[in-house]
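Student: Right, I'll just put the structure down here and ask away after.
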Amino acid sequence: MAIVYRRSKGLTDVETHYCPGCTHGIIHRLVAETLEELGVLGKTIGVAPVGCSVFAYDYFNCDMQEAAHGRAPAVATGIKRVLPDKVVFTYQGDGDLAAIGTGEITHAAMRGENITTIFVNNAIYGMTGGQMAPTTLVGQRATTAPLGRDKSHAGSPIRIAEMLATLDGAAYIERVTVTSPANVMKAKRAIKKAFELQLEGRGFTMIEVLSTCPTNWGLTPVKALEWLNENMIPVFPLGVYKDITKKEA
Amino acid sequence: MAIVYRRSKGLTDVETHYCPGCTHGIIHRLVAETLEELGVLGKTIGVAPVGCSVFAYDYFNCDMQEAAHGRAPAVATGIKRVLPDKVVFTYQGDGDLAAIGTGEITHAAMRGENITTIFVNNAIYGMTGGQMAPTTLVGQRATTAPLGRDKSHAGSPIRIAEMLATLDGAAYIERVTVTSPANVMKAKRAIKKAFELQLEGRGFTMIEVLSTCPTNWGLTPVKALEWLNENMIPVFPLGVYKDITKKEA
Amino acid sequence: MAYHEIIVAGFGGQGVMSIGTTMAETAMAQGLNVSWLPSYGPEMRGGTANCNVVIADTEIISPIVLEPSELIAMNQPSLDKFEPAVKPGGLILVNQSIVERKVQRDDVQAIYVPSLEIASELGNMRVANMTMLGAYIEATKYLKFETVVDILRNIFTGKKAHLVELNEVALQRGADCVNR
Amino acid sequence: MAYHEIIVAGFGGQGVMSIGTTMAETAMAQGLNVSWLPSYGPEMRGGTANCNVVIADTEIISPIVLEPSELIAMNQPSLDKFEPAVKPGGLILVNQSIVERKVQRDDVQAIYVPSLEIASELGNMRVANMTMLGAYIEATKYLKFETVVDILRNIFTGKKAHLVELNEVALQRGADCVNR
Amino acid sequence: MATGNVTFRQDWCKGCGLCVAVCPKKIIFLDESITNRKGYHPATVKDMDQCIGCANCARMCPDSIITVERV
Amino acid sequence: MATGNVTFRQDWCKGCGLCVAVCPKKIIFLDESITNRKGYHPATVKDMDQCIGCANCARMCPDSIITVERV
Amino acid sequence: MAKELWKGNEAIAEAAIRAGCRCYFGYPITPQSEIPEYMSLHMPKVGGVFLQSESEIAAINMVYGASGAGARVMTSSSSPGVSLKQEGISYMCGAELPGVIVNVMRGGPGLGTIQPAQGDYFQATRGGGNGDYRLIVFAPANIQEVVDLMQEAFELADQYRMPVMMLLDGMIGQMMEPIEWKKPPVSPDDLPEKPWATTGTKEGRAPNIINSLFIDPEACNVHNKRLEEKYRRVIESEQRYETNDTDGAEVIFVAYGTPARLARAAAGLLEKEGIKAGVFRPVTVWPYPYEALHEVSLQDSVKAIVTVEMSTGQMVDDVRIGVNGVKPVSFIGQAGGVIPTPREVANAALKALGR
Amino acid sequence: MAKELWKGNEAIAEAAIRAGCRCYFGYPITPQSEIPEYMSLHMPKVGGVFLQSESEIAAINMVYGASGAGARVMTSSSSPGVSLKQEGISYMCGAELPGVIVNVMRGGPGLGTIQPAQGDYFQATRGGGNGDYRLIVFAPANIQEVVDLMQEAFELADQYRMPVMMLLDGMIGQMMEPIEWKKPPVSPDDLPEKPWATTGTKEGRAPNIINSLFIDPEACNVHNKRLEEKYRRVIESEQRYETNDTDGAEVIFVAYGTPARLARAAAGLLEKEGIKAGVFRPVTVWPYPYEALHEVSLQDSVKAIVTVEMSTGQMVDDVRIGVNGVKPVSFIGQAGGVIPTPREVANAALKALGR
Ligand SMILES: Cc1ncc(C[n+]2csc(CCOP(=O)(O)OP(=O)(O)O)c2C)c(N)n1
Ligand SMILES: Cc1ncc(C[n+]2csc(CCOP(=O)(O)OP(=O)(O)O)c2C)c(N)n1
Ligand code: SF4
Ligand code: SF4
Ligand code: SF4
Ligand code: SF4
Ligand code: SF4
Ligand code: SF4
Ligand SMILES: [Mg+2]
Ligand SMILES: [Mg+2]
């Protein structure tokens, strides 16, 4: 018998505080596996956001910084400019990246900052108890949209991948999800490609991962996967939005 | 003899502080004429930014608020939500809107905030003495890019019209310039259309106006127009980037 | 009457908070002074949750309970954490269904309630917390059964009105565990 | 020597600031204490600009000049604004080319320099400001002509080295306006 | 015959059921007879013989507590 | 014969020359004989007879100080 | 009036609505998220504006715009979020705009913790933003008091044209207490006119301008002196405080908010030990009731002044200024979400008394 | 060493580079834009990092990241921009990150004016951000002193792992004075190791974590107490001040920065009128030299203490705390970019002396 799957060395031996079935955990693992496989754990600095993944600094087995809400790309920029040969990534939720942190992520992308952003879009503010995010779907309920997001009042969800893809500095942008083993494998490939491009110095890379929040969606973990597939993917289509390696081909 | 052109009533009888030949003045006039022609001067509240147009509150002949640097769209949102029947516009430079104010403009657009933004892109921080803006061209010199903007260090210019056009809440986005009488007339039509759509309650409208900064570009006013035509337009192509009235046709 | 300082503690989802608010509402309806203070934070994630309730006929000085006169321990970690803090002569109510050990102090009164068993007998696991509240009322005797039921009637209205009766039974079954 | 508090004022673009810095550099080279303080702000827009220069062989207490011992007025608004502030017995240098009026006070010394006329005779309008500086040096006599020229030599190097001589002539022509 | 073998770090299991949902052989279930110290019924495999070692379960486990071996 | 007539509020003119540049009849110039109180040589029209009242000048004037009339 | 059991944060929101506030902008942050949540449901019901902004900075600038447009408007946040609002608050003060800002404080510095604390006292009372400005800062100690003061907060904001802050700690936001709605609700239609507001000229008046820029230093100085004069009037008229058993006390606790409750518990403990202790509780922490505190300190009976805070010591500066050397001032506090116990507080008094 | 004529802002930038700073993030704002401008040209020449950020908030968070990665790093701004940095500064303090922050103050509140002022004293000394934290704040009075203190600023930042602020006014930034470069430049290679920095584990050590979150209140309290203890050490060791003619003076001016120069001019005026006046000048405004000021005030000769500020009165709080009632404290100031004249200052002294 040979081990075909085991806990990645990219994760510390610490239990996470995530709710049962929250796919934040899966995404953590994919990042950890990527860093392990690329052999860069010892030269990686990760940046944790403010959000449910605020404690990510305890979970990734590499040097970590905890950033202020929304500012992870600025913090990562500070690190990367000082240590251009290291691998630097941010791990951010949709409140963190697409609300308060809109300026920082946009300008990191514009500059072609040579970092990788893992953008976990669960269409809600998880940590603070289910308030509306800029990515909340029209009609979706949230504690600050008790009757569902009303387009005429709060607009329609922001599509970050599409928006940042308009910037020249963005080298690779893909939207993936983790709702099935097959999707998990695709997500892993995307994440790995992003880090590889960073290692090649190609510029800003971002993988947007559609993720669940069973707790605040009020669904079981398994139902949450279904809800995501049925409701989120149509609004946030999966796919590659920017790939500078394509131009060259 | 009949008067075919006179100073608009939308402007106060005050001399501007703008440098000789700075096209901020032309853009002011176009907004003023539009408000006058639409008969809405008495029900308009304008929001001045921080930038060379910081004193715009003295120049427009309507109620005005001066906003903190970059926050004009938030201030305008506050006004519009309280006074939905009034006409509300922001007048912002590229440092104001595309650097520090990236978050506010993006979210106003996302929400489909029913306001009009006049975005004066002169590829430089005018007011503070010619520092690099996010819209500064690659190779263009600025006091904080003394050897010219270096793409590998500071990225390529952000294209705001293109970026915001990805948002559903944006009703009308066009990029114009004022480098010739013909362009001035086109710009005027665009501005007028934006305000008309606001009056119809259609959502967020923005007109990006490519503008000169003879002082900080180190060019005479006339040479500045030429430089703009030759260098800025290729990077910031003129045209309509979003028009919800087109879908309906 | 005494100055009651109560801690209700358990897993998130066990109805800890609503035991506290129901007590508080009842006390208020009886004209008593009251405060209710929850633990808060990422508690939704299956960690422990607790609330402090103070009930008195005199002014309430501090809503923080450091040394409870009564403890309702809905799970083992809660008993472990708060048992030592209970005032000598105080009362500990234990959710016997999932707490495996007994109260170790002998200077306090201990009452055990098989809340899950009762709830499953009643066919609705959600009323488990009401059995604990029933036992508390019976053991301390200053909150009125009828008032609690009035409060429940305000909570369960419309389609949920039928739940009042069920909760009433649960309260009673909890009360029965006292002096058993 | 005296404690010199100087205001140099004029339109933006008239070289007001560099008169001040050249004075300051010269004084420093002569081992004197010095401070230079510009007006700043949206001055680039053709408004008025001025700088305060303090030169002394004692410690400089404040770099702000409220009552100048010497005023160099490059345009009319500057003369209008600062003439009243000049210390009795002080000196006012007027850029006669564009200031239409005379100094009105009689408790100060006034010197008039046709800076633009001289500059145009010399074939380079940019040296107009140097004529004013030349007059200042000649009138106050504590800054050394040679030191100024040394400073200019540091400023105009390489391709611009030929400008040193031109500036020197301009300084001299300005100086000639004193006691004319 | 089993081609795979799966082990769970049960004390860390949150009983979310994602592994249960994705197992092609439907051999994983939450063991209601156990309540771990976190208060959850942990996942376990009923019939290891049927395990094909596909690692679907491990790929979906948010808590990375599944180890999969294969012949 | 003139079909247009142009007037300038000269004390507000900044001498930027944009009107000069866009006049199709090339009749506008900066009057070096005047220095206004801002220190600029203001724009003026040499030969009003040639003015066609196209208003190009007014459209380009950043300081909105040109009035154009037409027959 | 019947008593009702309310959670602090929800009571705050409801009290604002009853005070005629019809406009709220905010961003979620623990431990105050129930305020925007309540507003999101209830503002629309009264025809008011609720908007969740993209950030705290956007929120305060929306408040600026709405206030400038004449609305009775509020925002709320907690410590790190309030830090982000400092520039905006400074602008509101510069432009003389009314508005109510609620800070439900948590432990700091930085992300700190989400538990109750009082580490933002300096920020609130001195202004964490740039320039010379002040806010009226109410520091109520229980939910009833918050509710009672809310209407006044809006009124003072309008009267003086300046922002008013409600400085609370997470405990007040999260706890429930029975409260009474003592004052009748205010209808927005009954509020005084704001002729300075930018509501459109109707081409009938000169434009109104909302602005904090005074580029000419003389003008800016005059503006500052005018603000200072306004603040002087506030200092004269708006100091609020409460004393408990301070007459003839040997030790005086000075505390605001939750620690004032603990200080009273500590005074009770000391009483039992034969020591007379009183509590001086500022209700406005700006303007600070310096003279009243000085008066109390001057009593012969008073041997020690003990400041109690949920911080490492901030208000103690004001206590020192108020006491002005007439009695020794000491400090007891816990920070980062820990609440000092009455025993600790009592012991600090004993120590200050040299026992 | 030969004297060189330097503009304040450029001297600041050059001094930082000579202090071994190889990393600068900032955003333009008058009257300090020459700092980023100088850095943009000179940092690349020494192999350092210059980056113009998209905002002041981004800048301070880049500083956080770079500092956490071990760099000697600086940012600069002016009043409204520094307001925006408050959350970030609070985070740096919470995470114990060194760094130098320059505030070239202008008039406020809000957009105010671009002329020199000192309205950000409270913000600098009390922390405009959330939570209990302090910065070491240097307030030099001329360019030479700025330059002399810069190296120390970086060293203290590293030694105590906390940000250090240079609190200047626009005049110091804009003026030119001759300066000497007294200390030899520091090479970044010679700086002490930072074993806590996140530079990659090389899989040889446990991960380093830069963080200000302590979710458990007990842990957060311990963290705060530890910070407090550190601040106590700073208070003990790092107070700096200067006195001029305070011995036997009848009136003492207390002033920092530019007003200290004016106070000396005023003292000169008073001298002529037969009144002995001295100047007490804090060089660190946090830690504030309270005891030294108290000492000076205790002199029998001293009849009045006059605080001089380019504000409506902020440091006067600290003067009151330091003097602690032993002598009357009064205040003279101008705000919004106006600089008080020596005559006004002298008159304030006369008034305080009752003449
Ligand atoms: C400046 C600031 N504002 C607000 C907060 C409160 N806050 C913490 S997490 C969070 C939202 C997180 O949502 P998201 O980024 O979507 O992450 P998720 O929890 O959904 O993974 C907010 C608003 C904060 N800590 N700091
Ligand atoms: C918070 C803050 N940061 C910086 C500034 C300084 N500032 C004033 S104007 C300006 C840039 C303006 O550039 P832009 O928006 O392009 O307008 P322009 O002057 O070019 O028209 C800056 C950075 C400020 N006033 N406030
Ligand atoms: S609240 Fe939502 S996002 Fe956060 S851990 Fe729980 S399920 Fe995951
Ligand atoms: S600095 Fe540039 S943008 Fe500003 S007024 Fe002058 S020319 Fe116009
Ligand atoms: S490895 Fe595959 S077959 Fe085996 S338990 Fe896991 S999912 Fe089921
Ligand atoms: S997926 Fe993991 S945590 Fe969830 S039930 Fe299976 S083993 Fe347990
Ligand atoms: S109206 Fe036309 S023709 Fe006449 S001056 Fe103006 S630009 Fe020239
Ligand atoms: S365009 Fe206007 S400001 Fe410029 S020169 Fe002509 S008239 Fe004068
Ligand atoms: Mg989220
Ligand atoms: Mg610009």
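Chains A, B, C, D, E, F, G and H, in that order, give the protein sequences. Sequential numbering from 0 applies to the first sequence in numbering that gives the first Met the number 0. Sequential numbering from 0 applies to the second sequence in numbering that gives the first Met the number 0. Sequential numbering from 0 applies to the third sequence in numbering that gives the first Met the number 0. Sequential numbering from 0 applies to the fourth sequence in numbering that gives the first Met the number 0. Sequential numbering from 0 applies to the fifth sequence in numbering that gives the first Met the number 0. Sequential numbering from 0 applies to the sixth sequence in numbering that gives the first Met the number 0. Sequential numbering from 0 applies to the seventh sequence in numbering that gives the first Met the number 0. Sequential numbering from 0 applies to the eighth sequence in numbering that gives the first Met the number 0. Beta carbons are placed, not taken as given, at the ideal position from N, Cα and C, and that holds for glycine.
#1: Does DSSP classify Cys53/F as helix, strand or coil?
#2: Would you check whether ligand 2 has a heavy atom nearer than 7 angstroms to the C-beta of Tyr90/G?
#3: Compile a chain-ordered list of the residues in the stretch 48-71 of chain H whose CB is closer than 9 angstroms to at least one CB of chain B.
#4: Using the Cα positions of Gly157/D and Glu164/D, report the straight-line distance between them to the nearest angstrom.
#5: Check whether the Cβ of Glu42/C lies closer than 8 angstroms to any Cβ atom in chain G.
#6: Using a C-beta cutoff of 8 angstroms, does Met162/A count as contacting chain G?
#7: Specify the secondary structure class of Cys285/G as computed by DSSP and reduced to three states.
#8: If we count the other Cβ atoms within 10 Å of its Cβ and call it buried at 16 or more, is Ala26/C buried or exposed?
#9: If you reduce the DSSP assignment to three classes, tell me which class Thr22/B lands in.
#10: Which value, in whole angstroms, describes the spacing of the CA atoms of Gly24/A and Cys60/E?
#11: Pull up the DSSP beta-bridge partners for Glu35/B, would you.
#12: Below 8 angstroms, how does it come out for the stretch 96-114 of chain H and the stretch 154-162 of chain H: are there three or more Cβ pairs, yes or no?
#13: Identify, in the order they occur along the chain, each residue of the same chain with its Cβ nearer than 7 angstroms to the Cβ of Ile178/G, setting aside the five sequence neighbours on each side.
#14: What did DSSP end up calling Thr165/B once you bin it into helix, strand or coil?
#15: Compute the Euclidean distance between the alpha carbons of Pro233/B and Val137/B, then round it to the nearest angstrom.
#16: Taking the straight line between their C-alpha atoms, what separation do you get for Glu42/D and Cys176/D?
#17: Would you mind telling me which residues of chain D sit closer than 7 angstroms to Ala264/H, beta carbon to beta carbon, in chain order?
#18: Is the distance from the Cβ of Gly25/H to the Cβ of Pro35/H below 8 angstroms?
#19: Please give the ranges of any alpha helix (DSSP H) in the stretch 8-55 of chain G, keeping only runs that are unbroken, at least 4 residues long and fully inside the region.
#20: Taking all protein chains shown into account, do 16 or more other C-beta atoms lie within 10 angstroms of the C-beta of Met231/B, making it buried, or fewer, making it exposed?
#21: Tell me, please, whether the stretch 41-51 of chain F touches the stretch 2-17 of chain B by the rule of three or more beta-carbon pairs shorter than 8 angstroms.
#22: Inspect the beta-carbon positions of Gly9/D and Ser77/D and report whether they are closer than 8 angstroms.
#23: Using a Cβ-Cβ cut-off of less than 8 angstroms, give me the residues of the stretch 45-78 of chain A that come near chain G, in sequence order.
#24: Which complete beta strand (DSSP E) runs does the stretch 184-227 of chain B hold, if anything under 3 residues is left out?
#25: Determine whether the Cβ of Arg158/B lies closer than 8 angstroms to any Cβ atom of chain A.
#26: Run the CB neighbour count on Met205/B, radius 10 Å, all protein chains shown included, and call it buried at 16 or more, exposed below.
#27: Who are the near neighbours of Arg8/E in its chain, counting only those whose CB is closer than 6 angstroms to its CB and skipping five residues on each side?
#28: Cβ of Asn8/H less than 8 angstroms from any chain G Cβ?
#29: Going along the chain, which residues of the stretch 166-189 of chain G sit with their C-beta nearer than 7 angstroms to a C-beta in chain C?
Tutor: The answer reads as follows:
#1: coil
#2: no
#3: Phe49, Leu50, Gln51, Ser52, Glu53, Ser54, Glu55, Ile56, Ala57
#4: 14 angstroms
#5: Because Glu42/C sits at a pLDDT of 47, beneath the cut-off of 50, its placement in the model cannot be relied upon, and the following sentence gives the value as read from the coordinates. Output row for Glu42/C: interface = no.
#6: No, Met162/A does not count as interfacial toward chain G.
#7: First, the amino acid is wrong: residue 285/G is Trp here, not Cys. DSSP, reduced to helix, strand and coil, places Trp285/G within a strand of the structure shown.
#8: Under this definition Ala26/C is a buried residue.
#9: coil
#10: 8 angstroms
#11: Glu35/B pairs with nothing; no bridge assigned.
#12: Output reads yes: the stretch 154-162 of chain H touches the stretch 96-114 of chain H.
#13: Lys2, Glu3, Trp5, Ala10, Ile142, Gln143, Val146
#14: Thr165/B carries a coil assignment under DSSP once its states are collapsed to helix, strand and coil.
#15: Straight-line Cα distance between these residues: approximately 12 angstroms.
#16: Reliability of the predicted coordinates at Glu42/D is poor, the pLDDT of 47 falling under 50, and no value is obtained from them.
#17: Ordered by position in chain D, the residues that pass the 7 angstroms Cβ test against Ala264/H are Ile60, Ser61.
#18: Against a cut-off of 8 angstroms, the Cβ pair of Pro35/H and Gly25/H comes out as a contact.
#19: 33-41
#20: buried
#21: With the cut-off at 8 angstroms, the stretch 41-51 of chain F and the stretch 2-17 of chain B do not touch.
#22: yes
#23: Val49, Val53, Glu65, Ala67, His68, Gly69
#24: Those beta strand (DSSP E) runs which fall completely within the stretch 184-227 of chain B and span 3+ residues are 203-209.
#25: The beta carbon of Arg158/B sits closer than 8 angstroms to some beta carbon of chain A.
#26: buried
#27: Ile64
#28: no
#29: Met170, Gln173, Met174, Met175, Glu176, Pro177
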